[in-house]
Every structure is written in C-alpha cells, then in structure tokens.
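Participant:
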Amino acid sequence: MSSRRRRAYPQPNYAAQSPYGATTVPAGNAAPGAPSAYSVDQAAQGISQMNINGAGAVPQGVPGVRGAATPLNPISPNIPTAGANPVNSAYYQQQPQQSVPLYSQQQGQQPQLQQQQQQQGQQSQQLGYQPMAQQQQTYLNQPEYGQQGPGAAPLNMLYSTDLLKELPPPIADLQFPPPPIVLPANATTTGSESSNADYQYFRSTLNVIPNTSSLLKKSKLPFAIVVRPYITLHDSDNQIPVVSDCVIARCRRCRAYINPFIHFTENGRRWRCNFCGLLNDVPSAFDYDSVTSQPAQRMERSELNHGVVEFVAPPEYMIRPPQPLVYVFVLDVCKFSIDNGLLATVTRTILDSLDRIPNKEGRARIAFMAVDSSISYFAIPRDEETDKETKMMIVSDTEETLIPAPEGILVNLKESRKNIEKLLQEIPSYFANNMSTDSALGPALKSAHSLISRIGGKIEVFTSTLPNIGIGKLKVRDENAVANKPKEASELLTPNSSFYKSFAVECNKSQVTVDMFLTGSSYQDVASLSNLPRFTAGQTHFYPAWSANSVEDITKLSKEVSNHLSMDIALEAVLRVRGSNGMRMQSFFGNFFNRSSDLCSFPSFPRDQSYVIEVSIEDYITKPIVYFQCAVLHTTCFGERRIRVMTLAIPTSKDLKSVYASADQLAITNYFTHRAIEKTMSSSLDDARDYLRKSVVDILGLYKKEIVPGNMGSSSPLQLCTNLRMLPLLLQSLAKNIAFRSGRVPSDHRAAALNKLGSMPLPYLIRAIYPSVYSLHTMPDDCGLPYEGEEEEGDEEPTQSSDLERGEIVIPEPVNASCMNLARYGLYLIDNTSELFLYVGGDAVPQLVEDVFGVQNIADIKIGKAELPELENEFNTRVRNIISKIREGKDTIEYLNLYVVVGPGSNESATASANRDLIPLRIWCMSDMVEDRATSNVSYKEYLGQLREKVSS
Numbered sequence: 001m002s003s004r005r006r007r008a009y010p011q012p013n014y015a016a017q018s019p020y021g022a023t024t025v026p027a028g029n030a031a032p033g034a035p036s037a038y039s040v041d042q043a044a045q046g047i048s049q050m051n052i053n054g055a056g057a058v059p060q061g062v063p064g065v066r067g068a069a070t071p072l073n074p075i076s077p078n079i080p081t082a083g084a085n086p087v088n089s090a091y092y093q094q095q096p097q098q099s100v101p102l103y104s105q106q107q108g109q110q111p112q113l114q115q116q117q118q119q120q121g122q123q124s125q126q127l128g129y130q131p132m133a134q135q136q137q138t139y140l141n142q143p144e145y146g147q148q149g150p151g152a153a154p155l156n157m158l159y160s161t162d163l164l165k166e167l168p169p170p171i172a173d174l175q176f177p178p179p180p181i182v183l184p185a186n187a188t189t190t191g192s193e194s195s196n197a198d199y200q201y202f203r204s205t206l207n208v209i210p211n212t213s214s215l216l217k218k219s220k221l222p223f224a225i226v227v228r229p230y231i232t233l234h235d236s237d238n239q240i241p242v243v244s245d246c247v248i249a250r251c252r253r254c255r256a257y258i259n260p261f262i263h264f265t266e267n268g269r270r271w272r273c274n275f276c277g278l279l280n281d282v283p284s285a286f287d288y289d290s291v292t293s294q295p296a297q298r299m300e301r302s303e304l305n306h307g308v309v310e311f312v313a314p315p316e317y318m319i320r321p322p323q324p325l326v327y328v329f330v331l332d333v334c335k336f337s338i339d340n341g342l343l344a345t346v347t348r349t350i351l352d353s354l355d356r357i358p359n360k361e362g363r364a365r366i367a368f369m370a371v372d373s374s375i376s377y378f379a380i381p382r383d384e385e386t387d388k389e390t391k392m393m394i395v396s397d398t399e400e401t402l403i404p405a406p407e408g409i410l411v412n413l414k415e416s417r418k419n420i421e422k423l424l425q426e427i428p429s430y431f432a433n434n435m436s437t438d439s440a441l442g443p444a445l446k447s448a449h450s451l452i453s454r455i456g457g458k459i460e461v462f463t464s465t466l467p468n469i470g471i472g473k474l475k476v477r478d479e480n481a482v483a484n485k486p487k488e489a490s491e492l493l494t495p496n497s498s499f500y501k502s503f504a505v506e507c508n509k510s511q512v513t514v515d516m517f518l519t520g521s522s523y524q525d526v527a528s529l530s531n532l533p534r535f536t537a538g539q540t541h542f543y544p545a546w547s548a549n550s551v552e553d554i555t556k557l558s559k560e561v562s563n564h565l566s567m568d569i570a571l572e573a574v575l576r577v578r579g580s581n582g583m584r585m586q587s588f589f590g591n592f593f594n595r596s597s598d599l600c601s602f603p604s605f606p607r608d609q610s611y612v613i614e615v616s617i618e619d620y621i622t623k624p625i626v627y628f629q630c631a632v633l634h635t636t637c638f639g640e641r642r643i644r645v646m647t648l649a650i651p652t653s654k655d656l657k658s659v660y661a662s663a664d665q666l667a668i669t670n671y672f673t674h675r676a677i678e679k680t681m682s683s684s685l686d687d688a689r690d691y692l693r694k695s696v697v698d699i700l701g702l703y704k705k706e707i708v709p710g711n712m713g714s715s716s717p718l719q720l721c722t723n724l725r726m727l728p729l730l731l732q733s734l735a736k737n738i739a740f741r742s743g744r745v746p747s748d749h750r751a752a753a754l755n756k757l758g759s760m761p762l763p764y765l766i767r768a769i770y771p772s773v774y775s776l777h778t779m780p781d782d783c784g785l786p787y788e789g790e791e792e793e794g795d796e797e798p799t800q801s802s803d804l805e806r807g808e809i810v811i812p813e814p815v816n817a818s819c820m821n822l823a824r825y826g827l828y829l830i831d832n833t834s835e836l837f838l839y840v841g842g843d844a845v846p847q848l849v850e851d852v853f854g855v856q857n858i859a860d861i862k863i864g865k866a867e868l869p870e871l872e873n874e875f876n877t878r879v880r881n882i883i884s885k886i887r888e889g890k891d892t893i894e895y896l897n898l899y900v901v902v903g904p905g906s907n908e909s910a911t912a913s914a915n916r917d918l919i920p921l922r923i924w925c926m927s928d929m930v931e932d933r934a935t936s937n938v939s940y941k942e943y944l945g946q947l948r949e950k951v952s953s
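Numbering (full-length UniProt numbering), first residue to last: 1 to 953.
1) Residue range of the alpha helix (DSSP H) that Q425 falls in?
2) Take F589 as the anchor and find which of L167, E166, V227 and D198 has the nearest alpha-carbon.
3) Can you tell which of R824, D289, S453 and I621 has its C-alpha closest to the C-alpha of E506?
4) Under DSSP, the alpha helix (DSSP H) around A367 begins and ends at which residues?
5) Once the 5 residues before and after M157 are set aside, which same chain residues still bring their CB inside 7 angstroms of it?
6) With three or more C-beta pairs closer than 8 angstroms as the rule, is the segment 534-551 touching the segment 236-246?
7) Along the chain, where does the beta strand (DSSP E) containing H634 start, and where does it finish?
8) Who pairs with F602 in a beta bridge, going by DSSP?
9) Please name the residue in L221, R203 and P184 whose C-alpha comes closest to that of L724.
10) Do residue 954 and T390 have their C-beta atoms within less than 8 angstroms of each other?
11) Quick check: what's the CA-CA separation for K950 versus S653?
12) Considering only C-alpha positions, which residue in the set K623, S775, H777 and V810 is nearest to G789?
13) With a CB to CB cut of under 7 angstroms and the five nearest residues on each side skipped, what residues in its chain are close to D162?
14) Quick check on the burial criterion: 16 or more other C-beta atoms within 10 angstroms. Buried or exposed for Y620?
15) Could you have a look at K391 and say whether DSSP puts it in helix, strand or coil?
16) What runs of the beta strand (DSSP E), each 3 residues or longer, lie entirely inside the segment 240-284?
17) By the three-class DSSP mapping on this structure, what secondary structure does R767 have?
18) Tell me the DSSP secondary structure of Y578 in three-state form.
19) Could you tell me the alpha carbon to alpha carbon distance between K885 and A344, rounded to whole angstroms?
20) Would you mind sorting Q665 into buried or exposed? The rule is 16 or more other CB atoms within 10 Å of its CB.
21) For the alpha helix (DSSP H) that contains P651, what are its first and last residues?
22) Under 8 angstroms between the Cβ atoms of D208 and V845?
23) Can you tell me whether G268 is buried or exposed? The criterion is at least 16 other CB atoms within 10 Å of its CB, across all chains shown.
24) Could you check where the alpha helix (DSSP H) with Y660 kicks off and where it finishes?
25) Output the distance between the C-alpha atoms of K501 and L529, rounded to the nearest integer angstrom.
26) Pick from M516, L233, M435 and S429: whose alpha carbon is nearest that of G442?
27) The beta strand (DSSP E) spanning Y327 covers which residue range?
28) Can you tell which of L765, H777, N873 and L729 has the C-alpha that lies nearest to the C-alpha of I171?
29) Do the segment 292-309 and the segment 424-444 touch if we need at least three Cβ pairs shorter than 8 angstroms?
30) Is V326 near K473, with beta carbons less than 8 angstroms apart?
31) Taking 8 angstroms as the threshold, find out whether the segment 814-832 comes into contact with the segment 918-935 through three or more Cβ pairs.
32) Going by beta carbon distance, what residues of the same chain come within less than 6 angstroms of I427, once the five residues before and after it are set aside?
33) Have a look at Q609, P184 and F592 and flag the residue whose alpha-carbon is nearest the alpha-carbon of F602.
34) Alpha carbon to alpha carbon, what distance is there between I766 and S337?
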C-alpha cells in the first residue's frame with residue numbers, strides 16, 4: 001500500500017451526536033452591535049437568519065439567501081478502531097487501549113460522504129464521455145458524423161443518470177473538458193490534431209448543432225459561443241503560432257481567413273472557403289518563405305495546422321500609425337482617500353510598477369491628475385531639462401474642460417522617468433492636509449478624455465469618494481425603501497446618471513478605456529460607475545471598507561494594480577465572429593461596445609475577461625459541419641498590428657439525442673449567467689431567479705418527454721444525461737450567489753458581483769458559482785509540495801497533477817461544498833474567486849493548531865483577514881504553498897485575501913461566541929456551502945425534489 005498519506009489530523013475522542021451538528025445554519029440575528037457600513041457583517045447580511053443548532057431545525061428569516069444549511073441526513077464518519085497505520089502521536093488524542101483513527105482513502109477510512117463522492121467521480125468516466133485531463137478536443141478518425149440517419153450511431157454516446165441517486169453530486173465533473181467534438185478523418189487539409197481551436201479559447205454550448213431552428217428551439221438548450229482570445233496575462237506564458245510573412249489569404253465573399261478546414265483544388269492553385277463555399281485564388285507568396293528566400297512547404301504553414309493563430313498584419317490593415325500605450329492616472333485626493341491611505345498606497349504602487357508597464361519600444365506615455373472639488377494637473381519636464389521643475393496647475397472651474405499646458409502633462413515614460421518617480425514620491429505630501437469632501441470626478445474624466453482622445457489609451461481611476469459635484473454627480477440612494485423588493489434592481493442596480501453611459505460610448509469611439517478602482521468605506525454607486533468600464537472594455541475593481549491600516553488590504557490592492565499595469569494589453573481592437581451560411585450572431589455579452597450588428601469595439605483588449613455570443617440558426621443546415629471563426633484585429637503593446645484568428649468546426653445533426661450528448665454544461669452555465677444578469681437589469685431579481693429555475697425545468701421536461709419517454713409518471717426518476725448532470729446544481733448555486741440571492745444585500749456589493757460575473761473567464765465563473773472546498777487535514781502527502789513527475793508503476797496517482805509541470809505545487813481534490821463535509825476537528829480552504837477562507841474546526845487538536853497558526857490554544861488564533869505565519873514544520877509549509885498556488889494565477893490580476901474562521905466546538909453554538917466578530921464571519925464563510933439550505937433557498941437535495949415535482953406535473 002502506498003504511504004503517500006503519511007500524516008493526518010484525526011478526530012479527537014469526544015462525545016457528540018454528529019460531527020456536523022454545530023456547522024449547520026444559524027437562527028437568529030448576526031453579531032450584536034451596529035456594524036460599520038461595509039464590514040464583515042454586511043457580507044453576512046441577508047444570511048444571518050439561519051439555523052446552526054443542529055439537524056431538523058427549521059431556518060427562518062430573510063428568504064432565499066445563499067448560506068449554510070441544515071444537513072438532511074448527516075452521516076457519521078466511519079472511524080476505524082483497528083488496523084490503521086500508526087501516525088505521529090502528536091496529531092491525535094489517544095486514550096488507553098485505543099487505536100489511532102486515520103482517515104485514509106487507500107483503506108476506505110474517510111467519511112462516508114467523501115467515499116461516495118470519490119466513487120461517483122470514478123463512475124463518471126464510465127457513464128459519459130471520457131473526462132481525461134489531457135483529452136484532445138477533436139477526433140479526426142470517427143466514421144460517424146453530420147446528419148444522422150435512422151439507426152446511425154450518435155456522435156457522442158448518450159448516457160442517462162438519475163440525479164436523485166447522485167447525491168452528493170459528483171463535483172469532479174466541474175474540472176472535466178467539454179464533450180469531444182467528433183469530426184471525420186478528412187475534415188481538415190493537413191490532419192493536424194490542433195486544427196480546432198482549444199476549448200480554453202473558443203467553445204460552444206453545443207458540440208453537435210441541430211440542423212434547424214425548430215429543433216434548436218425544441219431542445220430547450222441555448223446555442224452560444226464562449227470566446228476568450230487570451231488565456232494568460234502575458235504572451236510569454238502562452239505562445240501561439242505567429243504568421244509573420246504578412247501573407248494573409250481571405251475569402252473574397254465572406255472575408256473568412258484561410259484555416260485548417262479549407263480544401264485546395266485545381267492542383268493547389270485555388271482554395272474553397274469552408275464558410276461560404278467560394279473558390280479563391282491562393283496568394284502567389286503563399287508557398288514562399290520570405291525569411292530563407294526559399295520555396296516553403298505549404299502544408300507546414302501555421303494557419304493550415306492550428307485552430308488558434310496570429311497574423312502580422314500588412315500596412316493595409318492600419319488606418320494610422322500604431323498607437324502607443326497611454327495611461328492617465330486620475331487620483332482621488334479628497335479627505336476620505338487621504339484618511340484611508342489610498343493616495344499614498346496607489347502612488348507608491350505605481351512607482352514600484354513603472355518597470356512592469358509594457359514599454360519595450362520606449363513609446364509608453366503617462367499623465368497624472370488629482371481630483372477633489374477642483375482638478376490638479378502636473379506638467380512633468382523631460383529628465384534632460386534639468387533647469388525645469390514639475391508644476392502643479394489647479395483648475396477650480398469644473399464646468400469647463402480646460403487643460404493647461406497639454407504638451408507637458410502627457411509625457412514619455414522613458415524620457416521623464418526620474419521626474420515621474422520624484423512626483424509620485426511627493427504627491428501624498430501635496431494633499432496631506434486636504435479637508436475637502438467633494439469629488440468632481442465627472443469633469444476630471446472629461447478632461448482626461450480630452451487629453452488623450454486623439455491618441456487613445458487608458459484612464460485609471462482610483463477613488464474612495466462618491467462623485468458629488470459637476471457633471472456626473474451622484475446621490476446616495478435610499479436602499480432601505482426598495483431593498484429585497486421588486487423594484488430593487490431598477491432603483492438600485494441601474495445607472496443613476498445618463499452621463500456614465502453616454503460618456504463611455506464617447507470614450508469608446510476615441511479608443512479610450514476606463515478602469516475603476518473603488519475603495520470607499522461608504523456608498524459609492526458601483527451600479528453607475530461600472531458603466532464606464534463596461535462599455536469601454538475595462539473593469540471595475542471593488543474594495544469595500546479598504547484601509548491602509550490593514551497590511552492585507554495594502555497587499556491586495558498593490559498586487560492587483562501592479563498586475564493590471566503589467567498586463568500585455570492589445571490596443572484599438574475590434575472583434576468579429578463569423579459563422580457558416582445559416583448562422584447569425586444574435587446577442588453579445590461582455591465588456592465592450594457593439595459598433596455595428598456584429599463588430600465589437602475594444603479600445604484596449606484585456607487579458608482577464610471572456611465574452612459570450614448567442615447564435616441563431618436562420619436556414620436549414622444541409623452541411624455535415626458548420627464553422628465559426630473569431631478574429632481580433634489589434635495593436636500589440638510593442639506597436640505591431642496583428643490579427644488573432646480562432647477557428648472552430650462543429651458537426652451537425654437532426655438527432656436530438658446527439659445534441660444532448662454533446663452539450664457543454666459549463667458553457668451553458670456561462671450563457672445563463674449573462675441572461676440572468678440581463679433579466680436583472682431589465683426587469684427584477686425575482687425574474688432572474690425565476691428564469692434560472694424555469695430553464696432547468698424546461699431542459700429536464702424535454703429530456704423526459706423526448707429523450708427517455710418511457711419514464712413517465714410521478715414515480716419516474718429525475719433523469720438527465722451525464723454531461724449535463726451538474727447543470728441543475730450550478731444554476732441553483734448561481735441563484736444563491738450574492739449577485740442574485742434574495743434578502744438585504746448592499747447594492748454596491750450586488751452591483752460589483754453582477755459586473756464580475758458578467759466578465760470573468762469561465763473557469764473562474766464556475767468557482768464563483770460553486771466554490772472549491774479543500775480538506776487540508778486529510779490531503780495526500782504529495783499535496784502542497786512541488787510535483788515531481790509521473791508516479792512509478794503501482795503507486796497511487798497524484799492528486800490533480802496529471803496536467804502539472806514538474807515543480808508546480810499539487811492542489812488536493814475539492815470536496816462538496818456542504819457543511820456535512822466540515823468536520824469539527826478539520827481544516828478546510830475555501831476558494832470562491834473573491835476571497836479565501838481558512839476554516840478550522842472548533843475541536844481541532846492542539847498540534848494542528850500549533851503547526852498551522854503557531855499558537856497552542858485555538859482561542860488565540862487571529863480570526864478575520866490575516867496571513868499564516870511561516871513556521872518550521874512541513875504541514876505549515878504545505879498549507880501556505882497551496883494558498884500561494886491558488887493566488888498566483890497567470891490569467892488573472894486578482895490577489896485573494898485570506899480570512900481565518902474558527903468553527904464552533906462540540907459544546908458550542910455557532911451563534912454564541914465570546915468573540916463578537918466571529919459569528920458574522922462564520923455566516924459569511926458558510927454562505928459558500930451552496931449545496932445546503934439557507935433561509936428560503938432550499939438545499940440541493942430539496943431542489944431536486946422540487947424539480948421532480950415540476951417535471952412530473
């Protein structure tokens with residue numbers, strides 16, 4: 001037997017009816033006292049009326065809040081009394097003549113729920129498509145494809161399962177790739193395995209497409225494309241093939257780019273477009289290598305072998321010289337930003353990040369503006385102008401957009417580097433005694449736009465103050481009057497001023513992006529301000545109750561701003577998605593502006609966002625394969641015009657079973673998320689939640705009626721195909737998210753959540769909807785340590801390491817997000833993409849507490865926002881390594897704060913603690929247990945029961 005699990009922190013010997021009794025939903029109010037406007041209490045608001053006193057208690061209070069639950073049938077862990085391998089006696093409490101309890105997966109001595117989950121994860125490979133971590137997305141040797149005739153085998157085999165019998169749900173499915181796209185062997189010109197775009201870049205909700213609009217409507221499944229042109233912040237982390245000879249072959253009629261799915265005719269002199277069928281001439285330089293001045297092998301060209309490729313554009317793709325990278329920093333210098341330390345932190349961060357700004361060619365330009373009741377500009381001389389000093393010019397008239405001395409305000413970063421550094425060091429002292437509480441942000445934005453409108457660039461706004469004077473001024477809305485009522489969305493979540501939409505459109509036309517960094521301790525109207533990034537391809541970053549008194553807050557803001565500035569953004573970009581004849585791009589979702597019916601405009605193209613495009617079927621599809629192609633025309637940070645092209649081929653069918661067998665549940669969830677956001681903004685939160693519920697019911701009803709029609713009647717199982725079995729869980733969990741859940745939620749928090757869900761890449765979206773929970777006290781021994789390569793024959797497979805490179809930290813497999821999995825003696829890490837929770841059970845053994853936190857008494861653990869101490873023991877190192885690994889994503893600027901939460905002990909109620917700050921913190925943490933009941937939001941098991949009643953009625 002493998003010795004990988006050489007250490008575990010077992011359950012101590014104590015008398016308790018259930019290891020889960022004290023981690024269920026609390027009833028009653030949150031911590032006593034009046035919390036500050038945006039504290040931890042606010043994060044827990046709306047989920048404080050829950051029952052944490054044990055199974056069987058009925059939660060009461062605010063309806064529909066995502067939170068912890070009353071376990072329906074808590075199962076005690078299977079605690080062995082003999083035969084377990086010995087462990088270090090320091091990690092358990094042993095009575096005389098008592099064997100050491102050890103939770104070992106190898107011996108089946110883990111809690112029963114985790115055993116069921118592991119078994120279901122293994123069964124998933126037998127029930128559905130093969131979920132291999134390195135599975136190729138496209139199979140080119142499958143004989144069956146396209147229009148399926150009677151008796152023909154489906155493209156992917158359909159396997160049905162009873163959702164009611166799969167509890168807890170097999171969450172390993174959330175890490176699987178989508179169902180494979182099955183294409184015939186002759187689908188491509190070269191037979192390359194990378195002919196289809198990788199699903200990380202370009203994926204469809206349906207990997208078999210219905211051949212008619214009526215069949216698509218009948219299926220109840222959405223048809224949409226998820227686009228993510230860049231999957232890392234920096235090109236060096238993920239290099240794709242580049243065609244640098246400026247030879248670009250495009251169809252004369254539909255303007256599609258040549259790709260692996262075209263076919264050559266007339267002895268290679270012409271190529272037939274796979275989108276519209278037109279014959280085109282092959283460019284004369286297509287078979288010539290301009291670098292070696294020798295004939296080239298046509299079939300080795302990148303555009304004929306790869307589904308994702310980038311072309312260096314010839315001069316005709318440029319309407320002006322390449323745009324330089326331009327940053328205008330608009331700094332709030334009001335009293336609030338001085339008091340909370342925002343100004344000092346941001347100026348220091350920018351100073352430390354100057355070398356990270358992409359400036360290889362020395363073309364980057366930079367400007368600074370300060371805003372309170374007036375606008376301050378800074379004229380920065382070049383370093384060689386030693387006889388000049390930086391001048392601060394103050395404009396008090398905010399009604400006019402007046403920019404004094406524009407030549408010296410926007411300066412070359414390289415030429416004025418020393419003076420820029422000096423200014424950043426001095427700005428905080430200029431406003432140290434500022435007592436103004438007014439903010440003329442609107443006029444400052446218009447001035448910043450005027451400064452760079454002829455060039456384009458990015459406006460970076462850092463503010464802690466609600467704009468309250470001049471154009472775009474905002475007022476504090478009356479949340480109490482409409483919170484948790486039908487008019488909440490229309491009154492609190494829509495813009496409170498038309499300026500922020502109209503100005504955003506003006507910025508987009510001028511190739512100007514706006515990013516917002518909001519750090520207020522009171523109301524900031526995120527719903528209004530977020531419109532600026534939304535229509536200019538920017539992002540809204542929200543830091544509620546941020547303070548420089550917290551080292552953790554400084555670290556988070558500094559790292560995220562620095563990562564943001566270092567990102568390899570693309571400039572003056574446009575995106576267009578083309579489809580085969582009969583396909584129409586119908587609706588577009590994401591942070592950009594639709595310049596025309598199918599052209600999306602991005603003044604700058606971020607690397608940490610994705611987009612969804614709904615597709616409609618206009619005509620009867622007669623071809624066995626349809627094609628989609630996404631092209632992004634852009635200017636790189638180093639001044640080169642390029643086109644990134646992604647091509648996707650998908651088979652068609654008139655068989656509904658084939659459509660269902662190849663549906664992608666994660667991409668479908670992404671689509672439904674955008675539609676729910678749209679419902680919220682246009683109607684109400686209730687309508688959004690009803691839409692999600694009805695969508696699940698429609699899919700299950702259709703599946704029962706058309707796919708498995710033999711299972712009729714009220715006693716029938718709740719069946720769905722295995723590749724969609726997580727969809728009900730995801731959509732129910734989405735309705736519990738802070739963006740949609742009922743109850744009182746501060747409008748800034750809800751608006752920020754809606755904005756984040758509407759722009760984040762799919763892997764992060766899924767974790768935001770269904771948080772990842774890692775059991776650290778039982779993790780295998782390879783977890784938290786660098787991956788050492790493939791295991792020797794006969795050894796246990798390493799956890800989540802099949803796609804790791806040597807040296808990467810191994811992360812444990814997640815467990816189900818349910819309080820039933822939180823043992824009182826355990827240690828758990830919870831990742832919801834916004835923050836990390838380190839949950840330690842109230843009955844954790846002293847040695848675990850000392851090894852992780854460096855204290856001997858659990859009462860001495862520092863709760864709340866904190867960092868783990870660096871201790872001289874292996875377990876502490878492994879836990880910190882896992883936290884660091886989760887934080888270090890190469891495709892996001894986010895840096896997640898860690899919150900330490902101590903759970904209740906065996907003789908303690910979760911709502912009665914000597915520490916008043918602990919109760920709301922527990923409730924906030926437990927809101928990530930999305931499988932559990934929380935007020936009017938039922939548990940997942942109850943939800944399935946309701947779905948079964950709806951489908952059977």
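Even for Gly, the Cβ is constructed at its ideal location relative to N, Cα and C.
Facilitator: Result, derived from the coordinates:
1) Taking the sequence shown and counting its residues from 1, one reaches residue 425 at position 425. Segment R417 to Y430, the alpha helix (DSSP H) holding Q425.
2) For the purposes of this step, residue 589 is taken as residue 589 along the sequence shown, with counting starting at 1. When each option's Cα is compared against that of F589, the closest is V227.
3) In the sequence shown, residue 506 corresponds to position 506, counting from 1. The shortest C-alpha separation from E506 is found at S453.
4) Position 367 of the sequence shown, counting from 1, holds the residue named residue 367. Run containing A367: none in the alpha helix (DSSP H); it sits in the beta strand (DSSP E), R365 to V371.
5) Position 157 of the sequence shown, counting from 1, holds the residue named residue 157. Closer than 7 angstroms at Cβ, skipping near neighbours: A661.
6) These segments do not touch.
7) Locating residue 634 in the sequence shown gives position 634, where the first residue counts as 1. Here the beta strand (DSSP E) through H634 covers I625 to T635.
8) Here the question's residue 602 lines up with position 602 in the sequence shown. Paired residue(s): A573.
9) Start at 1 with the first residue of the sequence shown, and residue 724 comes out as number 724. L724 has its Cα closest to that of L221, out of L221, R203 and P184.
10) Outside the displayed range of the chain (1 to 953) lies residue 954, so it cannot be described from this structure.
11) The count along the sequence shown starts at 1 and reaches residue 950 at position 950. The count along the sequence shown starts at 1 and reaches residue 653 at position 653. In this structure, the CA atom of K950 is about 29 angstroms from the CA atom of S653.
12) Counting from 1 along the sequence shown, the entry for residue 789 is found at position 789. Comparing Cα-Cα distances from G789 to each of K623, S775, H777 and V810, the minimum goes to V810.
13) Along the sequence shown, one-based indexing puts residue 162 at 162. Apart from the 5 residues on each side of it in sequence, D162 sits with its Cβ closer than 7 angstroms to the Cβ of P717, L718 and Q719 in its chain, given in chain order.
14) If you number the sequence shown from 1, residue 620 lands on position 620. By the neighbour-count criterion, in which 16 or more other beta carbons inside 10 Å mark a residue as buried, Y620 falls on the exposed side.
15) The residue given as residue 391 occupies position 391 in the sequence shown. DSSP places K391 in strand when its eight states are reduced to three.
16) Qualifying beta strand (DSSP E) stretches, in chain order: 263-265, 270-272 and 279-281.
17) What you label residue 767 is simply residue 767 of the sequence shown in a count that begins at 1. Taken through DSSP and simplified to helix, strand or coil, R767 comes out as helix.
18) Against the sequence shown, residue 578 aligns to sequence position 578. According to the sequence displayed, residue 578 carries Arg and not Tyr. Note: R578 maps to strand in three-state DSSP.
19) Walking along the sequence shown from the start, residue 885 turns up at place 885. Walking along the sequence shown from the start, residue 344 turns up at place 344. Distance from the CA of K885 to the CA of A344, rounded to the nearest whole angstrom, comes to 29 angstroms.
20) If you number the sequence shown from 1, residue 665 lands on position 665. Looking at its Cβ environment, which holds 16 or more other Cβ atoms inside 10 Å, Q665 is buried.
21) The residue given as residue 651 occupies position 651 in the sequence shown. Run containing P651: none in the alpha helix (DSSP H); it sits in the beta strand (DSSP E), R641 to S653.
22) In the sequence shown, residue 208 corresponds to position 208, counting from 1. In the sequence shown, residue 845 corresponds to position 845, counting from 1. Looking at the sequence shown, residue 208 is not Asp but Val. V845 is positioned such that its CB atom lies no closer than 8 angstroms to that of V208.
23) By one-based count along the sequence shown, residue 268 stands at place 268. Exposed, by the Cβ-count rule.
24) Locating residue 660 in the sequence shown gives position 660, where the first residue counts as 1. For Y660, the enclosing alpha helix (DSSP H) covers residues L656 to A661.
25) On the sequence shown, residue 501 is found 501 positions in, with the first residue counted as 1. On the sequence shown, residue 529 is found 529 positions in, with the first residue counted as 1. In this structure, the CA atom of K501 is about 9 angstroms from the CA atom of L529.
26) Numbered from 1 along the sequence shown, position 442 holds the residue referred to as residue 442. If we check each option's Cα against that of G442, M516 comes out closest.
27) On the sequence shown, position 327 is the one that residue 327 refers to. First-last of the beta strand (DSSP E) with Y327: V326 to D332.
28) Position 171 of the sequence shown, counted from the start, is the residue given in the question as residue 171. With distances taken between Cα atoms, I171 lies closest to L729.
29) Judged by pairs of C-beta atoms under 8 angstroms, the segment 292-309 does not touch the segment 424-444, as fewer than three such pairs exist.
30) Working through the sequence shown from its first residue, we reach residue 326 at position 326. Working through the sequence shown from its first residue, we reach residue 473 at position 473. Not in contact: V326 and K473 (Cβ atoms no closer than 8 angstroms).
31) Taking one beta carbon from each stretch, the segment 814-832 and the segment 918-935 have 3 or more pairs nearer than 8 angstroms; the two touch.
32) Taking the first residue of the sequence shown as position 1, residue 427 is located at position 427. Cβ neighbours of I427 within its own chain (closer than 6 angstroms, five residues either side excluded): T347.
33) By one-based count along the sequence shown, residue 602 stands at place 602. That would be F592, whose Cα lies nearest to the Cα of F602.
34) Within the sequence shown, the letter at position 337 stands for residue 337. Within the sequence shown, the letter at position 766 stands for residue 766. The straight-line gap from Cα to Cα measures roughly 34 angstroms.
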